[in-house]
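Just so you know, the sequences run in chain order A and B.
Its first residue numbered 1, the first sequence is counted upward by one per residue in the working numbering.
Its first residue numbered 1, the second sequence is counted upward by one per residue in the working numbering.
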Amino acid sequence: MNQVLLSVKDLNFFYGETQILHNIDLDIYKNRTTALIGPSGCGKTTFLRCFNRMHDLYRNNRYEGEILYKGENILKVKDLIELRSKIGMVFQRPTPFPMSIFDNVAYGLKLKGVKDKKKIRERVEKALVGAALWDEVKDKLYSPALDLSGGQQQRMVIARALAVEPDIILFDEPTSALDPIATSKIEELLSNLKKITTILIVTHNMQQAARVSDFTAFIYKGHLIEFEETEKLFTNPKEELTERYITGRFG
Amino acid sequence: MDRVRKRKLINKIALGLSVFAAFLGLFWLVFIIVSVLSKGFSAINWSLFFKDPAPPGFSGGGLRSAFVGQGIITIVASLIGIPIGIMGGTFLAEYGRNFKFSRLVSDIADIMVSLPSIVVGTFVYSIMVRPMGHFSGYAGAFALAIIMIPTILRTTEEMLNLVPWELREAAFALGAPYYKVIKDVVYRSAAAGLFTGVLLGVARVATETAPLLFTSFNNPFFTVNPNQSMPSLTVTIYQYAMGPYEEWHRLAWAASFVIVVTVLLLSIAGRFIINRRFSKR
Ligand SMILES: Nc1ncnc2c1ncn2[C@@H]1O[C@H](COP(=O)(O)OP(=O)(O)O)[C@@H](O)[C@H]1O
Ligand SMILES: [Mg+2]
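Written as structure tokens, this is what we have:
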């Protein structure tokens, strides 16, 4: 059964005076993968960054509407540290911190104040196993994360997000900086991850959306055009705009 | 066809001139370093470091007091200058990056980097030495700190700006508060650059004479009390080089040798660290 984890209600977003997102309504289902597709510049990244309030880092950004999560509106939450430990994020390019692999993965736990060494070790191992990286790094946990390959770095970053056991992980084009082999490893990983968490992924690549997601949202110029089960959206779109986009007949 | 020949000719002339200018600069640099090294090296011996100056005209003295004084002044200056420089640079690159005020501070620091250091000397003379009524090592250290701060501030700002924003955002996305993002991620990423900035800042003030002439001045006696006038290598070199005694000239060469070698090593270490930092990924 599909259980709603997050519910976006009438979301508008502004960079200063410029409105980027318009009246978006969307449910994100628990333990499912939801893909966001749409032409570049349509507001996918902007949308994704509302969920963990990333826009708060910069001045003059404004949200309107609600993102309901466990009965609370994320857009009004005060404790961003707690929120961000529940809602993880993985960026386009790998973002390893200049420290060891172990310290990278343990970073979120330390932020949460976990002191118990044994518990940290267990969680780090579990996260690395979850990110399909354990076998490759178990003998060099204390060497610099920067020495890993790009694909390994990206999986380590996923492990870092997993270590705090988030309810959802937001991915912003996580494979666009990787080669095809590293990409297919990440895609395989994504398919397994939804057993333990929920995934919201932006992708510029429609084949990828079709391969990894259960639901797909098509966004165009800041409007949600269509939200549907992935299979239906790609085989039988309701909107003409969607059809034109997925068949590559655009503009 | 003719245009091409003309262009090639101009190119050759420009190349020739710039090579000539480079050699001219290099010649004097090498000339200075070689003469300091050759004249200074022969004057190096143990008593240079372990004996205080002999009375004028007598031989066999050393510059222990000046080495110790220079050390104390430089350390006190670093204790003031490094934290302020790093914190100021951090403010400019991080917390205050969107303020117009920060751009202004940054521009002023740029100007201060090229401020003649004698101006700093007279400034400290008027705000410290005059009110206190005497020269002091503290005043010297303060003057050197003022010179050190803009250098470290600007390198810190630049080095922190080189750290990609995505990396900070990744730490924020895990729930880190800003000060932890800076401490754990930004400083670590920029560590080599920050260290180099500090090295170069310290190396720069270690060679200053003018700001010390009006502040710590000089002291013929050994002292570790920065509240008195204090001897330093640079001022001692200045006085001994001007003095009439052969022995003084010898000591001045020896002290110059030590300074040149120290600064050379610091700068090479700095360059080396920076290069390694940037050749890696
Ligand atoms: N910080 C910002 N300030 C102002 N406008 C921005 C900012 N970031 C993105 N935009 C604009 O918002 C729109 C959506 O951008 P984005 O969400 O990055 O699109 P996508 O991820 O779908 O390619 C674009 O027109 C972009 O120019
Ligand atoms: Mg984007």
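Don't be surprised by glycine CBs; every beta carbon is placed ideally from N, CA and C.
All of these numbers come straight from a predicted model, not from anything done at the bench.
Compute the Euclidean distance between the alpha carbons of B:I284 and A:K112, then round it to the nearest angstrom.
For chain B, the structure presents residues 1 to 281; residue 284 of chain B sits outside this window and is missing.
Which residues in the same chain as B:K280 place their Cβ atom closer than 8 Å to its Cβ, once the five residues preceding and following it in sequence are excluded?
Reliability fails at B:K280, whose pLDDT of 46 lies under 50, so the model's placement of it is uncertain and no value is given.
Is it the case that the region 8-15 of chain A contacts the region 59-73 of chain A, given that we only count it when at least three CB pairs across the two stretches are under 8 Å?
yes
Should A:K285 be counted as a contact of ligand 2 given a C-beta to heavy atom distance under 7 Å?
Nothing in the structure corresponds to residue 285 of chain A, since chain A is present only between 1 and 251.
Just the chain A side, please: which residues come within less than 9 Å of B:A189 by C-beta, in chain order?
The amino acid occupying residue 189 of chain B in the given sequence is Ser; Ala does not appear at that position. Simply F97, P98.
Excluding five sequence neighbours on each side, which residues of the same chain lie with their C-beta closer than 7 Å to the C-beta of B:V105?
L92
Any beta-carbon of chain A closer than 8 Å to the one on B:L174?
yes
Enumerate in chain order the residues of its own chain whose CB-to-CB distance from A:R155 is below 8 Å, with the five nearest sequence positions on each side excluded.
A131, A132, L133, K185, I186, L189
Given a cut-off of 8 Å on the beta-carbon distance, is the pair B:T262 and B:A206 in contact?
yes
If you follow the beta strand (DSSP E) that A:N61 is part of, which residue opens it and which one closes it?
61-69
Comparing C-alpha positions only, which one of A:L241, A:L233, A:L170, A:V212 sits nearest to A:Y220?
A:L241
8 Å is my cut-off, CB to CB: does B:E169 come that close to chain A?
Answer yes: the Cβ-Cβ gap between B:E169 and chain A drops below 8 Å somewhere.
In its own chain, which residues sit with a C-beta less than 6 Å from the C-beta of A:E88, not counting the 5 before and 5 after it?
Note that residue 88 of chain A is Gly in the sequence shown here, rather than Glu. Only A161, P166, I169 meet the Cβ criterion.
Starting from A:S7, trace the beta strand (DSSP E) in both directions and tell me its first and last residue.
Boundaries of the beta strand (DSSP E) around A:S7: 4-15.
For a contact meaning CB atoms closer than 7 Å, what does A:L261 contact in chain B?
There is simply no residue 261 of chain A to check, as chain A begins at 1 and stops at 251 in what is shown.
I'd like to know whether the C-beta of B:N275 is nearer than 8 Å to at least one C-beta of chain A.
No, B:N275 does not count as interfacial toward chain A.
If you follow the alpha helix (DSSP H) that B:D107 is part of, which residue opens it and which one closes it?
100-113
Using a 10 Å radius around the Cβ and a threshold of 16 neighbouring Cβ atoms, would you call B:F99 buried or exposed?
Residue environment analysis places B:F99 among the exposed positions, since fewer than 16 neighbouring C-beta atoms fall within 10 angstroms of its C-beta.
Could you work out which residue in B:F257, B:D52, B:T209, B:S102 is closest to B:V119 when comparing CA atoms only?
B:T209
Buried or exposed for B:S256, going by 16 or more other Cβ atoms inside 10 Å?
buried
Going by beta-carbon coordinates alone, are A:T33 and A:I199 separated by less than 8 Å?
yes
Going along the chain, which residues of the region 25-57 of chain A sit with their C-beta nearer than 8 Å to a C-beta in chain B?
N52, M54, L57
Return the chain-ordered list of same chain residues with a C-beta closer than 6 Å to the C-beta of B:S189, the five sequence neighbours on each side being excluded.
V163
Check the Cβ of B:N161 against every Cβ in chain A and list those closer than 9 Å, keeping chain order.
What B:N161 touches in chain A: nothing, since even the nearest Cβ is about 16 Å away.
Have a look at the DSSP bridge pairing and note the partners of A:M35.
Per the sequence presented here, residue 35 of chain A reads as Ala, with Met not at that position. Answer by DSSP bridge pairing, in chain order: A:I201, A:T216.
Which bits of chain B does A:F171 rub up against, with CB to CB less than 9 Å?
Near A:F171 there are no residues of chain B at all, since even the closest Cβ is about 12 Å away, more than 9 Å.
Beta carbon of A:A127, beta carbon of A:P96: below 8 Å?
no
Of all the options B:G137, B:G197, B:M112, which has the alpha carbon lying nearest to the alpha carbon of B:L282?
Chain B is shown only over 1 to 281; residue 282 of chain B falls outside these bounds and no answer can be derived.
Closer than 8 Å is the cut-off here; do at least three beta carbon pairs connect the region 215-232 of chain B with the region 115-131 of chain B?
With the cut-off at 8 Å, the region 215-232 of chain B and the region 115-131 of chain B touch.
Thinking C-beta only, is B:Y179 closer than 8 Å to B:G57?
no
So, for A:F289: in the same chain, excluding its five sequence neighbours on each side, which residues have a beta-carbon less than 6 Å away from its beta-carbon?
This structure does not reach residue 289 of chain A, given that chain A is present from 1 up to 251, and the question cannot be answered.
What does a CB cutoff of less than 6 Å around B:R250 pick up in its chain, not counting 5 residues either side in sequence?
A43
Any beta-carbon of chain B closer than 8 Å to the one on A:R84?
yes
Given this structure, state the Cα-to-Cα distance separating B:V36 from B:A241, to the nearest angstrom.
13 Å
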